[in-house]
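Residue numbers (full-length UniProt numbering): 1 to 187.
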């Protein structure tokens, strides 16, 4: 295994050298056995000048580096949009739960009424359009997060992870979550 690696590295080095340097490198290079045994260490010449400031040199090198592509050049795909919304809905749902649980525990001290009966009575006084909007606003993140969570569990089993299957299951999650959120909103 080591000998194969040494041979491959040697061939790669020879392939990138100009032809006139190949003869010199063959005469002055160490044998693969010496490299494998650690008896040979490659060195290279450094080109530093005493007048150059290292921070300026680093800043100049950074200017010459390629810039990574930004999200703005990519076409939005269901895979990364679904992944982003899965994280956002999970954060929103857990944050809302912790906020409500904290308010429920503190409500007797502040004189607020957050028990189930008072919340149900306040909700009953709302118009039907407001009820549907509130219910769908609460149901859509919940249904999307649940359906996408099941999709991720299926992926953990090693099923449906080809590109076409991932795209189809992503759109299926979007459709099923909207339909189930509307069904819950109109209950």
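For each residue, glycine too, the CB sits at the ideal point set by N, CA and C.
- The beta carbons of residue 169 and residue 175 sit about 11 Å from each other, so the pair does not count as a contact at 8 Å.
- A direct Cα-Cα distance of roughly 46 Å separates residue 58 from residue 151.
- Secondary structure at residue 67: coil, using DSSP grouped into helix, strand and coil.
- Here residue 135 carries a helix assignment [DSSP, helix/strand/coil].
- Between residue 89 and residue 145, the C-beta spacing is below 8 Å.
- Around the beta carbon of residue 82, 16 or more other beta carbons sit within 10 angstroms, so the residue counts as buried.
- In the pairwise beta carbon analysis, the segment 173 to 187 is classified as touching the segment 120 to 140: at least three pairs are separated by under 8 Å.
- Here residue 173 has 82, 144, 147, 148, 151 as same chain residues with Cβ atoms under 8 Å from its own Cβ, once five neighbours each way along the sequence are excluded.
- For residue 94, the closest C-alpha among the options 5, 13, 141 is that of 141.
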